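Visitor:
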Amino acid sequence: MNTIRRWTQMGADKWREIMGGWGLGTGGWRGSLCFALCNLLLLFMACKPLERVPQSDPDLTLSADPYPFGGDLTLVDHDGNSFHLADHQRPFLLFFGYASCPDACPQTMARLASAYTILGEDARDLRTLFVSVDPKRDSPEMLKSYLSHFDVPAVGLTGVQDSIDAVVKRYAAHYEIGEQNSAAGYLIDHSLYTYLLDQNGDLRFFFRPSHTAEDIATVVRQLSR
Amino acid sequence: MRLCLFFIFSLILLGVGCSDRDISSITIKNAWVRQNIPPQSVTAAYLAIHNEGMATALISASTPAAEVAEIHVITTDGNIMRMKKIDRLPIPEDGSATLQPGGNHLMLIGLRRDLAPGDSIALTLTFANGYTQTLRAPVVSFRDEGRR
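Here it is, written out as C-alpha cells:
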C-alpha cells in the first residue's frame, strides 16, 4: 500500500508540474480531474499484478522459473502400471481430456502430432501425458487403444477419482460433468491448457488452444538449450 | 374483381419470390468430418453456413453414417470450455455460422461404421425456413487436421 501511496504522490507532483506549465493549476477543475484520473490510472497499474491468473508468456518464451503449481503426480498408466512423474527424467506435454471427447481432445492430439513432426529429432525425449478426467469410461485399455491412433508418443493416465482430482487441483485445472442430455451420455467440460513440464517435472509453459503446432515447437525447442 | 385477382396473384408471387430468396440464399461450404477413434463411435463434423437471406436457424442434422447428429455449441468461460446440445443454431440475416474445431460442431453419435481418411459421409441439414440440403463431407485424418 505504501508503494501505491508513493506512486500516486509522485503522479500528483508530476501532474502539477505538467499541468502548471499549461496553465492548468491544481486549483482549476480540469487540474483536479486530471489529478484524479492520474491517481486512478496509477492505482490500476499498481493493483494489476495482484490478480495473477495462470497466464503463459504471450511471446512464446519459456518461463525461466517454474510455475508454483503442477509438478509430481502418481496415476495409473495405460498398461495398468503405476506412473510416478518423478521417475521419468524427460520433458512432458500434459493435458486433461477424455476418450469420448468429440472435439477438443482429438483436436489437441492432432495439433501435438503436428508439433512432433515439426520438432523431429528435437522431440526424441518428449512424451505426452493424456490425463483422463473420465475414469468411469476410460479404462487403461481404452486409453491405450485411443492414443494409438495419433502419431504422438503418449501415455494415457487414469486412476481412482480422488487421485485424478488431486492432479487436476495441483495443475490448477478444472473439469465437471456438463451436458447430460446428449445421446452420447454425459459430456465433460474441462480446461484446455496443455502444460509443458521440463525434465525435472517443473511446469514451464502453458499452451492455450489458440497456440499452433509451430508455437508449441518453438517453445519446446527452448527446453534443450 | 379483376383487380382483386391481380392483387391476390401478386401477393402469391411475392410470397413465392420471398421464400425462394430465402431458400436459395443458404450455401454450405468446407464440410468435413473428423476420422473417429475406434472403439469410440463418436466424432464431430464441421462446416460453414453462409446466408444471404433472412435470419433463420439450423434445426437439425442427420447422416446415414450415425444414429444421431446433434448440434453442439461451445462457450469458453476463461480456460474452461462448456459444450451444450442445442435445438437450433441461429443463422443471422445476411450472415454466417461457422462450425469449426474448438468451437460449435455437429456431434455424430453411434457411428454405424468407422470413418477412415479418404472416406466421406452424406450429411443432411435442415433449416427453420424449410430449406434442406444434403452434401458430402470428406473424412479428414488427424494428420491433416493438425496441419490446418
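First to last, the sequence lines map onto chains A and B.
With numbering that gives the first Met the number 0, letter number 198 in the first sequence gets 197, and the count goes up by one each step, no holes.
With numbering that gives the first Met the number 0, letter number 148 in the second sequence gets 147, and the count goes up by one each step, no holes.
For glycine and all other residues, C-beta sits at the position ideal for the given N, C-alpha and C.
As the structure is a prediction and not an experimental result, all values here were calculated from the model.
1. What residue does the beta strand (DSSP E) around B:I36 start on, and which one ends it?
2. For B:G109, which option in A:F206, A:T60, A:L191 and A:G184 has the closest C-alpha, if you only look at C-alpha atoms?
3. Tell me the rounded alpha-carbon separation between A:T127 and A:N199.
4. In the DSSP assignment, what are the bridge partners of A:S81?
5. For a cutoff of 8 angstroms on Cβ pairs, would you count A:A153 as touching chain B?
6. Between B:G129 and chain A, is there a C-beta pair that is closer than 8 angstroms?
7. To the nearest angstrom, report how far apart A:H173 and B:S24 are at their CA atoms.
8. If you draw a straight line from the alpha carbon of A:R207 to that of B:P100, how long is it in whole angstroms?
9. Is it right to say A:I176 is buried, meaning 16 or more other beta carbons lie within 10 angstroms of its own, or is it exposed?
10. In chain B, which residues lie less than 7 angstroms from A:Q160 when you measure between Cβ atoms?
11. Mind pulling the chain A residues with CB within less than 7 angstroms of B:A121?
12. Please confirm whether A:L202 and A:P90 have their CB atoms less than 8 angstroms apart.
13. Please classify A:V52: is it buried, with 16 or more other beta-carbons within 10 angstroms of its beta-carbon, or exposed?
14. Please confirm if B:T42 has its CB atom under 8 angstroms from at least one CB of chain A.
15. What span of residues does the alpha helix (DSSP H) with A:K135 cover, start to end?
16. Apart from the five residues on each side of it in sequence, which residues of its chain come closer than 8 angstroms, Cβ to Cβ, to A:S209?
17. By a C-beta neighbour count over all protein chains shown, 10 Å radius and 16 as the cutoff for buried, is A:P105 buried or exposed?
18. I want to see whether chain B comes within less than 8 angstroms of A:F94, judged by CB atoms only; does it?
19. Of all the residues that make up the region 154-188 of chain A, which are near chain B by a beta-carbon distance shorter than 7 angstroms?
20. Answer with yes or no whether the minimum CB distance from A:L202 to chain B is below 8 angstroms.
21. Along chain A, in chain order, which residues have C-beta atoms closer than 9 angstroms to that of B:V67?
22. How would you list, in chain order, the residues of chain B whose beta-carbon sits under 7 angstroms from the beta-carbon of A:R110?
23. Answer with buried or exposed for B:G91, where buried requires no fewer than 16 other C-beta atoms within 10 angstroms of its C-beta.
Guide: Result, derived from the coordinates:
1. Start at 1 with the first residue of the second sequence, and residue 36 of chain B comes out as number 37. Unbroken run through B:I36: none, as it is neither H nor E.
2. Sequence index remark: in the second sequence, residue 109 of chain B carries index 110 (1-based). Taking only the C-alpha atoms, the option nearest B:G109 is A:G184.
3. Indexing the first sequence from 1 puts residue 127 of chain A at position 128. Indexing the first sequence from 1 puts residue 199 of chain A at position 200. Roughly 15 angstroms separates the two Cα atoms.
4. Position 82 of the first sequence, counting from 1, holds the residue named residue 81 of chain A. Looking at the DSSP assignment, A:S81 forms a beta bridge with A:V75.
5. In the first sequence, residue 153 of chain A corresponds to position 154, counting from 1. It does not; no Cβ of chain B falls within 8 angstroms.
6. By one-based count along the second sequence, residue 129 of chain B stands at place 130. Not one chain A Cβ lies under 8 angstroms of B:G129.
7. Numbered from 1 along the first sequence, position 174 holds the residue referred to as residue 173 of chain A. Numbered from 1 along the second sequence, position 25 holds the residue referred to as residue 24 of chain B. The straight-line gap from Cα to Cα measures roughly 42 angstroms.
8. Counting from one through the first sequence, the residue named residue 207 of chain A turns up at place 208. Counting from one through the second sequence, the residue named residue 100 of chain B turns up at place 101. Straight-line Cα distance between these residues: approximately 14 angstroms.
9. Within the first sequence, residue 176 of chain A is the residue found at index 177, counting from 1. It is exposed - the Cβ of A:I176 has fewer than 16 other Cβ atoms within 10 Å.
10. Residue mapping note: residue 160 of chain A aligns to position 161 of the first sequence, counting from 1. Residues of chain B passing the Cβ test: none, with the nearest at roughly 19 angstroms.
11. By one-based count along the second sequence, residue 121 of chain B stands at place 122. Near B:A121 there are no residues of chain A at all, since even the closest Cβ is about 19 angstroms away, more than 7 angstroms.
12. Your numbering for residue 202 of chain A matches position 203 in the first sequence. Your numbering for residue 90 of chain A matches position 91 in the first sequence. Not closer than 8 angstroms, so no.
13. The residue given as residue 52 of chain A occupies position 53 in the first sequence. Unreliable positioning characterises A:V52 in this predicted model, as indicated by a pLDDT of 43, which lies under 50. The coordinate reading is nonetheless provided below. Its Cβ having fewer than 16 others within 10 Å, A:V52 is exposed.
14. In the second sequence, the residue the question calls residue 42 of chain B occupies position 43. So yes, B:T42 belongs to the interface.
15. Counted from its first residue, the first sequence places residue 135 of chain A at position 136. First-last for A:K135: undefined, no H or E at that position.
16. Along the first sequence, read from residue 1 onward, the residue named residue 209 of chain A stands at position 210. Within the same chain, A:S209 has no close Cβ partners at all.
17. Locating residue 105 of chain A in the first sequence gives position 106, where the first residue counts as 1. A:P105 comes out buried.
18. Working through the first sequence from its first residue, we reach residue 94 of chain A at position 95. Chain B, which has no Cβ nearer than 8 angstroms to the Cβ of A:F94, makes this no.
19. H173, G177, E178, N180, S181, A182, A183, L186 and D188
20. Your numbering for residue 202 of chain A matches position 203 in the first sequence. Output row for A:L202: interface = no.
21. In the second sequence, the residue the question calls residue 67 of chain B occupies position 68. Those within 9 angstroms of B:V67 in chain A are S181, A182 and A183.
22. Position 111 of the first sequence, counting from 1, holds the residue named residue 110 of chain A. Here the neighbours are G145.
23. In the second sequence, counting from the first residue as 1, residue 91 of chain B sits at position 92. What sits at residue 91 of chain B in the sequence shown is Pro, not Gly. Looking at its Cβ environment, which holds fewer than 16 other Cβ atoms inside 10 Å, B:P91 is exposed.
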